[in-house]
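Those protein sequences? They're chains A and B, same order as listed.
Per our numbering, the very first residue in the first sequence carries number 1; after that it's consecutive.
Per our numbering, the very first residue in the second sequence carries number 1001; after that it's consecutive.
Ideal Cβ positions, reconstructed from N, Cα and C, are used throughout, including at glycine.
Comments concern the structure below.
Number of protein chains: 2
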Amino acid sequence: MTTELIAELKIAAGKVDKAIAESTFPDAVSPVYLADAMRRYPANGGKRLRPAIMLWSAAAAGGDMDKILPAAAALEIFHNWTLVHDDIIDDDDLRRGNPTAHIVLSQALELPEQRRRKFGSDMAILAGDLMQGWAFELLDQTCCTAEVRLKLASELRCYGYLKLVSGEAEDVEMSCCDPADITVEAVRNMLLGKTGALLHFAARGGWLAGKDSVDQWDSVHARALGEFGDSLALAFQLQDDYLGIFGDVEKFGKPIGSDLQEGKATLLLLHALKNLPAAAAEELRGLLYCHEYTSCDIARARELFSAAGSVKYLQREICRLTDESCKALNTLPDSKYKTLLLELANYLITREK
Amino acid sequence: MTTELIAELKIAAGKVDKAIAESTFPDAVSPVYLADAMRRYPANGGKRLRPAIMLWSAAAAGGDMDKILPAAAALEIFHNWTLVHDDIIDDDDLRRGNPTAHIVLSQALELPEQRRRKFGSDMAILAGDLMQGWAFELLDQTCCTAEVRLKLASELRCYGYLKLVSGEAEDVEMSCCDPADITVEAVRNMLLGKTGALLHFAARGGWLAGKDSVDQWDSVHARALGEFGDSLALAFQLQDDYLGIFGDVEKFGKPIGSDLQEGKATLLLLHALKNLPAAAAEELRGLLYCHEYTSCDIARARELFSAAGSVKYLQREICRLTDESCKALNTLPDSKYKTLLLELANYLITREK
């Protein structure tokens, strides 16, 4: 990651955090612990990739980033409500090293132990709902014409609801299936929705807002930025799958092997199951859904993935997708912000966390 | 209920149902059972009070109801997502005599018995989320200026999220408290949010849309319509509390006594606990949270509520609130639709279901 990229990411994150912190929407929420829950995830770090892409895309279009800031903040809040509901669905207790929303909310009242978890999950459903309202309230504060604000909201409903939530539902469905029954195509579609939709919207919507003209949504540049977001999302997700098995637990922040434990239908796993000899594939299947993983188990899984050629396949795919995302930006006029978007894409394949 | 009121309610319901059925938003959702779940509640009957109020309020403002139809449909979808999430939170298996969303969705895949309930609830969270996007997409199709559409959306976020969801959360919180610790004021506030917010928005937003002018939201007439919605909601809810104990199970559609079983802090219960002699209050408390209710239990509870004067108190309150809601409409110019709104208010106190 270049020094400039780091510096610009920090600037974008700082501005977005400030815009979120200054938004008064949650102040009217009662009980107060619910308002606190709404603010907790966005204040809890994270890469702020989506708002940064939106701001840089707007700037690449010649727009004033400060005018687009509410839209970037909206995108971060939108992303975070999906995490709140996701964490309920996945029954996760930790997010970025901190207790998830439903765990924090389970402690809000003095309740008997057996009622806490349900209370926390009920309140977290409502916190996620409230954050949806908050996201669109922020979006509406973007300094654009009324028509562009309506267009941004409508496209966020298309990408943030129809595509993203459908992807999330497909992911839940896949978690109930045998990975052997899932196609590469189905996984790609799911990822394009679950991870790709908001990156697509960030890049393309940023251009729309920067130009402040409704028909720019369908311009060649905006479409190219959408494709940039799609490819970036897939590359990002494949890198995540790689780090989930081959990463360094200290840097990655999630336990290595949790994808195996969940039997997650990653492209890495699908490739290995398909390309390993029957006995080895069976051995790999035996390493799914285990209660615990020793370092020997992880080492053996790594060997099997390597033997299947799946690591090389994944790395080739990540490079190809990163190339694709960079090529999509070719048509854009040169600018500092185009360069930042290119650097971001290249950073994502070298990241270790 | 007058013949005209019945006929006009039917017309409004028919138009709203058609607008919802023709909306293509859910068609892009995957998996298909999730799209089906989005359509199930709105197609499942209900009184359609909110859209009717919105349409009549718009017509009372001189607006064309057909132009406002998408907003009325949006309101019905918004109301229904809150029911989907509510039913998860309350762990209810039935809604209007049919299986709730999470129960239907639990059957979508062939899953082992112990995984079904969680899968159904996870998918129902997502169905409710998608319906939020759907509601605002419909709202945006209202035939109004861009500014009025933005204003409608912003006020729906204020009333539908901040007030309604806060009220829902307060209700969840109250269900964890001893009714003796809850004040009448807290219950009224909760009800004004949970039930009042959307009726307020329906009446006031209808006027705004009918006039198609942003500053009409704060006009004397729009404010009066908001107050009409507030009082109507409280009267409606008190009548619901009454029917929950004194209703006819055949007509009411919900088991009589379920409020007692949940220990629900209704104004009826709070009044009785406060006004009964200590021994009788203790006996009534003994009738809360029971596993089953015999007809003797219900009869005894009814006696205690009557002895406390709580039934008279409730009926007085319902009449007072209905009067208040009708008085709020005084300032409105006379019209067929003003009369329908008045008749609706008077119907709600005589209803048996």
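Proximity test, Cβ basis, 9 Å: residue i and chain B
| i | result |
| --- | --- |
| residue 133 of chain A | yes |
| residue 361 of chain A | No statement about residue 361 of chain A is possible, as the shown extent of chain A runs from 1 to 353 and does not include it. |
| residue 89 of chain A | yes |
| residue 263 of chain A | no |
| residue 234 of chain A | no |
| residue 20 of chain A | no |
| residue 129 of chain A | yes |
| residue 166 of chain A | yes |
| residue 50 of chain A | no |
| residue 125 of chain A | yes |
| residue 95 of chain A | no |
C-alpha distance - residue i paired with residue j, whole-angstrom precision
| i | j | result |
| --- | --- | --- |
| residue 317 of chain A | residue 147 of chain A | 39 Å |
| residue 1325 of chain B | residue 1236 of chain B | 11 Å |
| residue 179 of chain A | residue 1109 of chain B | 16 Å |
| residue 1059 of chain B | residue 1209 of chain B | 9 Å |
| residue 98 of chain A | residue 44 of chain A | 8 Å |
| residue 357 of chain A | residue 160 of chain A | Because chain A here runs from 1 to 353, residue 357 of chain A falls outside it and cannot be looked at. |
| residue 1127 of chain B | residue 1026 of chain B | 10 Å |
| residue 264 of chain A | residue 121 of chain A | 24 Å |
| residue 1170 of chain B | residue 30 of chain A | 7 Å |
| residue 1175 of chain B | residue 1102 of chain B | 21 Å |
| residue 1092 of chain B | residue 1189 of chain B | 24 Å |
| residue 80 of chain A | residue 55 of chain A | 18 Å |
| residue 39 of chain A | residue 22 of chain A | 11 Å |
| residue 115 of chain A | residue 1172 of chain B | 12 Å |
| residue 166 of chain A | residue 1017 of chain B | 24 Å |
| residue 1338 of chain B | residue 1219 of chain B | 17 Å |
| residue 1328 of chain B | residue 1201 of chain B | 15 Å |
| residue 1231 of chain B | residue 1322 of chain B | 7 Å |
| residue 151 of chain A | residue 214 of chain A | 7 Å |
| residue 1149 of chain B | residue 1223 of chain B | 19 Å |
| residue 1153 of chain B | residue 1206 of chain B | 12 Å |
| residue 1123 of chain B | residue 1136 of chain B | 21 Å |
Cutoff 9 Å: residue i Cβ touching any chain A Cβ
| i | result |
| --- | --- |
| residue 1163 of chain B | yes |
| residue 1201 of chain B | no |
| residue 1119 of chain B | yes |
| residue 1226 of chain B | no |
| residue 1184 of chain B | no |
| residue 1028 of chain B | yes |
| residue 1169 of chain B | yes |
| residue 1291 of chain B | no |
| residue 1173 of chain B | yes |
| residue 1188 of chain B | no |
| residue 1079 of chain B | no |
| residue 1025 of chain B | yes |
| residue 1223 of chain B | no |
| residue 1271 of chain B | no |
Buried or exposed by the 16-neighbour rule on C-beta atoms within 10 Å, applied to residue i
| i | result |
| --- | --- |
| residue 1020 of chain B | buried |
| residue 192 of chain A | buried |
| residue 96 of chain A | exposed |
| residue 1100 of chain B | buried |
| residue 1250 of chain B | exposed |
| residue 1053 of chain B | buried |
| residue 277 of chain A | exposed |
| residue 240 of chain A | buried |
| residue 1168 of chain B | buried |
| residue 1258 of chain B | exposed |
| residue 1289 of chain B | exposed |
| residue 333 of chain A | exposed |
| residue 87 of chain A | buried |
| residue 106 of chain A | buried |
| residue 1006 of chain B | exposed |
| residue 1286 of chain B | exposed |
| residue 68 of chain A | buried |
beta-carbon residue i near the ligand NAD non-hydrogen atom, thresh 8 Å
| i | result |
| --- | --- |
| residue 128 of chain A | What this structure holds is no ligand at all, so the ligand NAD is not there to describe. |
Quick check for students: name the residue ranges of the alpha helix (DSSP H) that lie wholly in the stretch 27 to 104 of chain A, counting only runs of 4 or more. Within the stretch 27 to 104 of chain A, the complete alpha helix (DSSP H) runs of at least 4 residues are 32 to 40, 49 to 60, 65 to 89.
Output, in sequence order along the chain, the residues in the stretch 1137 to 1160 of chain B whose CB is closer than 9 Å to any CB in chain A. So the close ones are 1137, 1140, 1145, 1146, 1147, 1149, 1150, 1153, 1154, 1156, 1157, 1158, 1160.
Please identify, using Cβ separations under 8 Å, the residues of the stretch 29 to 44 of chain A that lie next to chain B, in order along the chain. From the stretch 29 to 44 of chain A, only 29, 30, 31, 34 have a Cβ closer than 8 Å to chain B.
For the stretch 1097 to 1112 of chain B, which residues have a beta carbon sitting closer than 8 Å to at least one beta carbon of chain A? 1109, 1111
Mind listing, in chain order, the continuous alpha helix (DSSP H) runs of no fewer than 4 residues lying wholly within the stretch 306 to 340 of chain A? 310 to 328
If contact means a Cβ-Cβ distance below 9 Å, which residues of the stretch 1316 to 1337 of chain B contact chain A? none
Which residue spans inside the stretch 156 to 208 of chain A form an unbroken alpha helix (DSSP H) run of at least 4? Counting only runs of at least 4 residues, the stretch 156 to 208 of chain A fully encloses the following alpha helix (DSSP H) elements, listed from N- to C-terminal order: 164 to 174, 184 to 191.
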